[in-house]
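Engineer: Read in the working numbering, the first sequence has 425 at position 425, and its numbers run on one by one without any break.
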Amino acid sequence: MQSHRLWAVIDRPHIGESHSPNMRGFFKASLQCRPTVSKRGWERGRPLPCYNPQMSSDITYSHTDIEPKWREYWASRRLHEAHDDDPRPKYYCLDMFPYPSGSGLHVGHWRSYVLPDCWSRYKWLKGFNVLHPMGWDAFGSPAENDAIKKGIHPSIGTRRNVENFKRQLNEIGAMYDWTREVNTTDPEYYKWTQWIFVQMFKHGLAYKAHMPINWCPSCKTGISNEDVVNGRCERCGTEVTKREMNQWMLRITKYADRLLSGLQGLDWPEKVKAMQSNWIGRSEGAEVTFKAVGPDGAEHPMVIFTTRPDTLFGATYMVMAPEHALVATLATPDRLAEVDAYVQRVKSESDLDRTSKTEKTGVFIGAHAINPVNGERIPIWISDYVLMGYGTGAIMAVPAHDERDYEFAKKFGLEIREVISTGQGIATEASIGEGTMVNSGEFNGMPSAQGRKKIVEWMNSKGIGRPTVNYKLRDWVFSRQRYWGEPIPIIDCAKCGLVAVDEKDLPVQLPDVERYQPTGTGESPLAAISEWVNTSCPKCGGPGKRETDTMPQWAGSSWYFLRYTSPREPNALISEAGKKWLPVDLYVGGVEHAVLHLLYSRFFTMFLYDIGVVGFEEPFKRLFNQGMITYIGKSGKAEKMSKSKGNVVNPDELVRDFGCDSLRMYELFVGPPELDAEWSDKGIEGVHRFLKRTWHWVMTHNGNWPASPSREILVQRHLLVKNVTERLEAFRMNTLVSAFMEFMNAVTNIKEAPDKPTVEAMLILLAPFAPHFAEELWQRIGGQPTIFHQKWPGWDEKFTTSDTAEIVIQIGGKTRGTVLVNADATEDAVLTAAMSDANIARHIEGKQIRKRIFVKGKILNLVAV
RNA sequence: GCCGGAGUGGCGAAAUUGGCAUACGCAGCAGACUCAAAAUCUGCCGGGGUUCACUCCCCGUGGGGGUUCAAGUCCCUUCUCCGGCACCA
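#1: Would you identify the three-state DSSP class for ILE859, choosing helix, strand or coil?
#2: Just the C-alpha distance for GLU576 and LYS273, rounded to the nearest angstrom, thanks.
#3: Compare the beta carbon distance of VAL698 and ILE781 with 8 Å and say whether it is the shorter of the two.
#4: Looking only at C-alpha atoms, which of TRP476, GLU523, GLY314, GLY204 sits nearest to PRO552?
#5: How would you label SER479, buried or exposed, when you count the other beta carbons within 10 angstroms and need 16 or more for buried?
#6: Taking the alpha-carbon of ARG243 as reference, which of GLU653, GLY413, ASP351 has the nearest alpha-carbon?
#7: Excluding the five sequence neighbours on either side, which residues of its own chain have a C-beta within less than 6 Å of the C-beta of ASP676, listed in chain order?
#8: Please report how far the alpha carbon of PRO35 lies from the alpha carbon of LYS640, in whole angstroms.
#9: Helix, strand or coil for PHE97 per DSSP?
#10: For TYR587, report the span of its alpha helix (DSSP H) as first-last.
#11: Who are the Cβ neighbours of ILE844 in its own chain at under 8 Å, not counting the five residues just before and after it?
#12: Who are GLU287's beta bridge partners in DSSP?
#13: The beta strand (DSSP E) with ASN534 in it runs from where to where?
#14: So, using beta-carbon positions, are ILE365 and THR332 closer together than 8 Å?
#15: How many whole angstroms separate the CB atoms of LEU586 and ILE574, which I take to be in contact at a CB cut-off of 8 Å?
#16: Pick from VAL715, LYS858, ALA767: whose alpha carbon is nearest that of PHE743?
#17: Using a threshold of 8 Å, state whether the C-beta atoms of ARG417 and GLY314 are closer than that.
#18: Taking the beta carbon of VAL670 as the centre, do at least 16 other beta carbons fall within 10 Å, making it buried, or is it exposed?
#19: For a minimum of 4 consecutive residues, which ranges assigned as the alpha helix (DSSP H) are wholly contained in the stretch 334-392?
#20: From the DSSP output, in three-state form, read off ILE152 for me.
#21: If you compare alpha carbons, which of PHE128, HIS153, ARG88, VAL130 is closest to GLU514?
#22: Do you know how far the Cα of LYS504 is from the Cα of GLY231?
#23: Buried or exposed, going by whether 16 or more other CB atoms sit within 10 Å of the CB of LYS847?
#24: Over what stretch of residues does the beta strand (DSSP E) that includes GLN509 continue unbroken?
#25: So, for VAL721: in the same chain, excluding its five sequence neighbours on each side, which residues have a beta-carbon less than 8 Å away from its beta-carbon?
#26: Going along the chain, which residues of its own chain have a beta-carbon closer than 8 Å to the beta-carbon of ALA256, five neighbours each way excluded?
#27: Among GLY451, ALA770, LEU623, which has the Cα closest to the Cα of LYS692?
#28: Taking the DSSP output, what are the residues bridged to MET245?
#29: With DSSP collapsed to three states, give me the class of LEU414.
#30: Does the beta-carbon of VAL648 have 16 or more other beta-carbons within 10 angstroms, so that it is buried, or is it exposed?
#31: What does the alpha-carbon distance come out to for the pair ASP759 and ASP177?
#32: At which residue ranges does the stretch 799-856 contain complete alpha helix (DSSP H) runs of 4 or more residues, listed in the order of the chain?
#33: Would a C-beta distance cut-off of 8 Å place ASP502 and PRO467 closer than the cut-off?
#34: With C-beta atoms as the reference, is ILE420 less than 8 Å away from SER383?
#35: Mind checking LYS751: buried by the 16 CB within 10 Å criterion, or exposed?
#36: Go ahead and pull the three-state DSSP assignment for VAL477.
Below, the structure written as structure tokens:
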């Protein structure tokens, strides 16, 4: 807090009145400012500008009357609408559509919407036919929870929030085509979400399975693996438990290899590609069949997966997941009680408990297995460190060369046998690197990498093992036992089994219920509406029951980008004319969707490609992740801006005081767009000052344009065009704003009237970032609206480089001076010039130049002894 | 543990291919204008030393080492912070 400073404020008697931009009273009004202390100024550490913000004069910039005016102008001329028949090349720029929450937008949201908007406007000026749509991901728990609390239908709250969001998005000045707005909760929209599900069902990709899944006790619904973050529910943070349920699943694993290989060709941040790749988790190895002998002497094949077949001779015991089907068959009677107790204990544990163990646990089940490569008889254990969901749920343990097996073997006193010699030994820890095979029969002496292949070939020929690829990715649990989602369009018929609702009967509308409350019984609230549940089978006409589970929130968002192309098309998911827009050229949004939404969308798109709905497999050619806006909270650490933390900065006040254009530019200026940025109210003033200076500069020269500008002005113009264009293309938005400031500093230093083409070029360059400002000045200097019908300017390199160059003179690598010479001056000429500099000559004096390094136009380094 | 990212003034940050480190902005200091403030404009603004002064010198991009005429940038090594994944055989 700056206690030595008083902030001046004035009352605002003019709000709501209209004003002539040239109102004479302006200066008087500003002189009458009384020095008082603004309570808000103190709190926010930010002074209010001491001029009447309601008035723009000729030479003083004020945002308040120009911004609404131009927004209205653009809207009334329907400037932002994209047309299918526009002959210009298409460009599809997509923002991740928001969930319309009740709390509205904060400056962090602004950041994610400003960048794509600037980019869209730039593409527009570059001559593209730009599609830049917006919509609502409106299914999901907040609206539903609200409904539970207040008893109002979620669609009502959703509608109200959408209105509020739209109003706030309008404040950003973004050029969304609202005629293409989509809403995932609109039956005309979710008709197609259900249609996709039906197609997946028909193609065997949607199936029902009874299996243990993740259950959120607070949301009272089953959730997918992707919804679980560190053992907690992604939505509410509650610790997730396991529950056996009959669930709808989507066979995303069928696409594992394509989802992985497709990443290679994408212009996406490496981080996101790495996260998806890790999530899919491909590993190459082999499945090997051991013979397990049960208590009755019968042999059972026991299949294990390993990535290290080269260590097969080092297997000294076997481990199965406690849930493994063979456990009951193989356990010997004397071990049964202990085995059962262990299995029960593990089943009752949450994932969080299971993974946060510090020590290995396990039980010997009494049975043994035969190692097929050497005929050895080794004991079978069960332990929770082997997971049922990965591989075959059973492993061979090679303690010498696996950290987990090593730890387990140490604890239970099992044999540790080295079979790969790496030179480091196995006395204190497992050696997991490559080496030479030992104790491995005929494979001895072979390098482990080579042995890995050989041993698999050998096993394959004997029918005891085969090469296999495993993925961490699991099928997608698609059922939710909640109300506010798309009903799954399936009917259970006693005679025909599970039957998809006829496509002509879609959408299956979400019926009204009396209670939205999730039941917690494993059934959704829809199950209580018997007149809805009981229906007839589409196949045989007999009695049938509707599926009462709904889809996850990710369903509608997995394909919405396709629907923007033809949002009102009644007969197809995408109209023929709409197909021209696809795929998305640039997708902008936060990194939090790296493995959820982005993976699901790719899966949906690949499926729609397979059934001929779209002509491409990858929906988003280029992805850009915005950094978050953080705020230094009470903890003294940067935290994410969110309503629950109480640290949101409301953009409304900033827009009121500085204008939308200032805030837009500040959001870009605040730091590199891909990195998180710490919010500071102070910074916006610098950008606002820049706009004021620019306005002043243009308006004082308006009408007195010299016919031919000086070379200095020309150089500044071409440099500006070059810098802005290049930095924009490279997404270096923060330095792009600097380029404008550098330009203004330079031209005001020149103290010379600019020519009109220079000012015009500057305004066009500025238009994507400060659209209202640029549009207004464009008109004031005599241009016809709208500035967005102008062409993006180009530059000429001959004006961006000077004819003279300042050459840095170094002696032994240390700068000792500079000389001003012609840009194409030769080494000798530069040397001559350098020697006439007293300081340089002094450093050379009495020494001999041993070596000269000359970079034309840049540097001359003299190595002297 | 693995993967990804970051570390530069009081602060946000900039620096094409290795070529004057700190552009641009904020904050600060001094001055002009003003009765005074605000706004605006001008100048200064990494640390240390030196000169009456114009200057000039040394140090400086988390730490240590290396390559090079020249390193924020390349190589090796190490520390710290942030994000993601994590018993995946």
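The beta carbon of each residue, even a glycine, is placed where N, CA and C say it ideally should be.
Structural biologist: Let me spell this out:
#1: If DSSP states are grouped into helix, strand and coil, ILE859 belongs with the strands.
#2: For the pair GLU576 and LYS273, the Cα-to-Cα distance works out to about 32 Å.
#3: Cβ atoms of VAL698 and ILE781: closer than 8 Å.
#4: Ranked by Cα distance from PRO552, the options TRP476, GLU523, GLY314, GLY204 are led by TRP476.
#5: Burial call: buried.
#6: The option with the nearest alpha carbon to ARG243 is ASP351.
#7: Around ASP676: GLY627, MET628, THR630.
#8: Any answer about PRO35 is weak, because its pLDDT of 28 lies below 50 and its placement is not dependable; what the coordinates show is given next. Answer to the nearest angstrom: the Cα atoms are 36 Å apart.
#9: Looking at PHE97 - three-state DSSP - the assignment turns out to be coil, as it is neither helix nor strand.
#10: Per DSSP, TYR587 lies in no alpha helix (DSSP H) segment; the continuous beta strand (DSSP E) that holds it begins and ends at 586-590.
#11: Excluding residues within five positions, the ones whose Cβ falls inside 8 Å are ILE811, MET835, LEU862, ALA864.
#12: Answer is PHE305, ARG466, bridged to GLU287.
#13: Looking at the DSSP string, the run of the beta strand (DSSP E) that includes ASN534 is 534-536.
#14: In this structure, ILE365 sits near THR332, with a CB-CB distance shorter than 8 Å.
#15: The C-beta separation of LEU586 from ILE574 comes to about 19 Å, leaving the pair out of contact by the 8 Å criterion.
#16: Shortest Cα-Cα distance from PHE743 to any of VAL715, LYS858, ALA767 involves VAL715.
#17: Cβ distance < 8 Å, so ARG417 and GLY314 count as in contact.
#18: With 16 or more Cβ atoms within 10 Å of its Cβ, VAL670 is classed as buried.
#19: You should have 336-348, 351-355.
#20: In the structure shown, the three-state DSSP call for ILE152 is coil.
#21: It is HIS153.
#22: If I take the Cα positions, the gap works out to 41 Å.
#23: So LYS847 counts as exposed.
#24: GLN509 -> no beta strand (DSSP E), and no H or E assigned at all.
#25: For VAL721, where only same-chain residues beyond five positions count, the Cβ hits under 8 Å are ALA761, LEU765, PRO793, GLY794, TRP795.
#26: Cβ contact annotation for ALA256 (same chain, cutoff 8 Å, sequence separation greater than five): ILE280, ARG282, TYR471, LEU473, in chain order.
#27: That would be ALA770, whose Cα lies nearest to the Cα of LYS692.
#28: Partner(s): MET211.
#29: Secondary structure of LEU414 (DSSP, three-state): coil.
#30: Taking all protein chains shown into account, VAL648 has 16 or more neighbouring C-beta atoms within 10 Å of its C-beta and is therefore buried.
#31: Here the sequence assigns Val to residue 759, which means Asp is not the residue at that position. Their backbone Cα atoms lie some 30 Å apart in a straight line.
#32: If we require 4 residues or more, the alpha helix (DSSP H) runs fully inside the stretch 799-856 come out as 827-835, 838-844.
#33: No.
#34: Taking C-beta atoms as the reference points, ILE420 and SER383 fail to come closer than 8 Å.
#35: Burial call: exposed.
#36: It is a strand residue.
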